[in-house]
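Okay, so here's the structure we're looking at.
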Amino acid sequence: MQEIEMFVGLKIPDTTAITTFHTLEKMGYENIAKVSRENYYKFEIEGNEDDFNKKIVKVDILVNANKNNFTLLNKGEKIKDASDENVKQINILVQNIDDDSAGIMYTLKQRLGFNEIKKMEKGILWKIFIKDAGNKKTVNEAEEITNNLLINRHYQKYKIV
Amino acid sequence: MKIAVILFPGTNCELETKQALEACGMSADIFRWNLNPEKLEDYDGYVLPGGWSYEDRIRAGVIASKDSIMKKIKEEAKKGKAVLGICNGAQILVESGLIPGLKDEVEIALAPNNKGYLCTWVHIKNNGKNAFNAELKENEVIPLPIAHGEGRFVTQNKNLIDELIKKKQIVFSYCDEKGIIKEEYPINPNGATYNLAGICNEEGNILAMMPHPERATWNRQLPGFEGKSFEENLSLAPASKIFLSIKKYIEENKNARD
Chain A
1054 MQEIEMFVGL KIPDTTAITT FHTLEKMGYE NIAKVSRENY YKFEIEGNED DFNKKIVKVD
1114 ILVNANKNNF TLLNKGEKIK DASDENVKQI NILVQNIDDD SAGIMYTLKQ RLGFNEIKKM
1174 EKGILWKIFI KDAGNKKTVN EAEEITNNLL INRHYQKYKI V
Chain B
134 MKIAVILFPG TNCELETKQA LEACGMSADI FRWNLNPEKL EDYDGYVLPG GWSYEDRIRA
194 GVIASKDSIM KKIKEEAKKG KAVLGICNGA QILVESGLIP GLKDEVEIAL APNNKGYLCT
254 WVHIKNNGKN AFNAELKENE VIPLPIAHGE GRFVTQNKNL IDELIKKKQI VFSYCDEKGI
314 IKEEYPINPN GATYNLAGIC NEEGNILAMM PHPERATWNR QLPGFEGKSF EENLSLAPAS
374 KIFLSIKKYI EENKNARD
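Taken in sequence, the protein lines are chains A and B. Last residue of the first sequence: 1214 in my numbering, with the numbers rising by one and none dropped. Last residue of the second sequence: 391 in my numbering, with the numbers rising by one and none dropped.
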């Protein structure tokens, strides 16, 4: 079984990420440099990874080439880290507690013939860029932001990735 | 008697909410989110109408819940003023922690529906006594429309539902037209825990409800209106009793204060 993660971002301005940034400012988080966001999909497939990767990015359901960009990661590969000496990038994956990927998986398998997919997950990957105040402090702050704004713990969960 | 109908960017039910309040004998102003919140003190009550505040960014209601106007509404609610959140307004009240308001935190969620976006008619049953149902009979069943994608009340707090029952905070439950509560779709349209359709705070002056009473205020708005007389269609429908109850509550509270 192969594991593939897919991250789909926007080429056009992401108004949700911009609103989130301004809301954090209003909430008193003054040391946030930037917020960005990508749709997250994780597939477990039986078959050739390269063939699957070539096919999945051409499906308009997940990626619209006119407005989206994407990254594919095979098992063991890591999300690109844009941290520098001043700004720390924290990646937070938010997912619903109840699996909500059944609809997309049905479409991919039944309508588009992706029979190699055996399991899938979806979520939102938030990237919070915090003006660095020491590694541990930035992680704590990102978790605080997640709990105060990015998730409602009664139906969502998160992990730092 | 003056009610502020709060308008956030993306709210879209403000006009019909204002008309419903006026039809029930109250005057109503549409109050924009970016006005001076201190002016809210001039009002006797508040309605947060339906829509898509801030385009439902992040999740429904959460951005509006962090707006400075909500701090003022919280303060005014503490004085006992009535606050009604309808649909997106309910989502804002839940995300702000005002509902159920037992602890100073978000205790419940309006999660995505089990069956996606729903736009249909439902029945709800009235329970308890609070600012929003004094004009309704005990266990009265009323027809109302719903239109939401995120309206399923859920909580991870295992004891919360028992507390809500004990403290009589469950105001409206989804039921069939005879008032029988069943968990199955379409009676419980969105899969809400315990068929929850509307919850109030412990004091009974803040209510978050997912169905839209402003879209069922007159009989002409109800299904089957074609078969009724002109006069009957001009008259108020059962859901108007929610607004009439707010009026009664404000009058009684004002009299008590005077």
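We put the CB at the ideal spot given by N, CA and C, even for glycine. Please read these numbers as outputs of a predicted model, since none were measured by experiment.
Residue environment for A/T1068: exposed (fewer than 16 other C-beta atoms within 10 angstroms of its C-beta).
Of the candidates A/Q1055, A/I1213, A/K1108 and A/A1155, A/I1213 places its Cα closest to the Cα of A/K1189. Among the residues of chain B, those whose CB is under 8 Å from the CB of A/L1202 are I191, V195 and K199, following chain order.
Closest by C-alpha distance to B/I232, out of B/A156, B/K361 and B/A330, is B/A330. For A/Y1211, not one C-beta of chain B is nearer than 7 Å to its own C-beta.
Not flagged as an interface residue toward chain B: A/M1173, since no C-beta distance is shorter than 7 Å. Secondary structure within the segment 179-230 of chain B: the alpha helix (DSSP H) runs of 4 or more consecutive residues, fully enclosed, are 195-198, 201-211 and 221-228 (chain order). For the pair B/W254 and B/I202, the CB atoms are not nearer than the 7 Å cut-off.
For A/W1179, the closest alpha carbon among the candidates A/E1091, A/K1162, A/I1157 and A/E1056 is that of A/E1091. For A/T1191, no Cβ of chain B is located within less than 7 Å of the residue's own Cβ. For A/T1072, the neighbours in chain B by C-beta distance under 9 Å run, in chain order, Y187, E188, R190, I191 and I196. Within chain A, no C-beta atom comes nearer than 8 Å to that of B/Q302; the closest sits roughly 16 Å away. Going by DSSP, A/Q1142 is part of no alpha helix (DSSP H) but of the beta strand (DSSP E) stretching over V1140 to N1149.
At a cut-off of 7 Å between beta carbons, A/Y1208 contacts chain B.
Taking B/E240 as reference, the option from B/L226, B/S368 and B/L251 with the minimal CA-CA separation is B/L226. Distance from the CA of B/D309 to the CA of B/E273, rounded to the nearest whole angstrom, comes to 12 Å. Segment contact: the segment 1102-1117 of chain A against the segment 213-227 of chain B, fewer than three CB-CB distances shorter than 8 Å; contact not assigned. Minimum Cα-Cα distance from B/P319 among the listed residues B/C333, B/E359, B/A197 and B/G249 corresponds to B/G249. Contact between A/T1076 and A/I1145 does not hold, since their C-beta atoms are separated by about 15 Å, which reaches or exceeds 8 Å. Residues of the same chain with a CB within less than 7 Å of the CB of B/F358, apart from the 5 flanking positions on each side, are N352 and N366 in chain order. Contact of B/A264 with chain A is not assigned, every C-beta pair being separated by 7 Å or more.
Judged by DSSP secondary structure, A/H1075 falls within the alpha helix (DSSP H) whose first and last residues are T1068 to K1079. Bounds of any beta strand (DSSP E) do not take in B/E147; it lies within the alpha helix (DSSP H) bounded by E147 to A156. In summary, the residues of the segment 268-297 of chain B whose CB is separated from some CB of chain A by less than 7 Å are V287, T288 and Q289, in the order they occur in the chain. The three-state reading of DSSP puts B/D295 in helix, counting H, G and I together.
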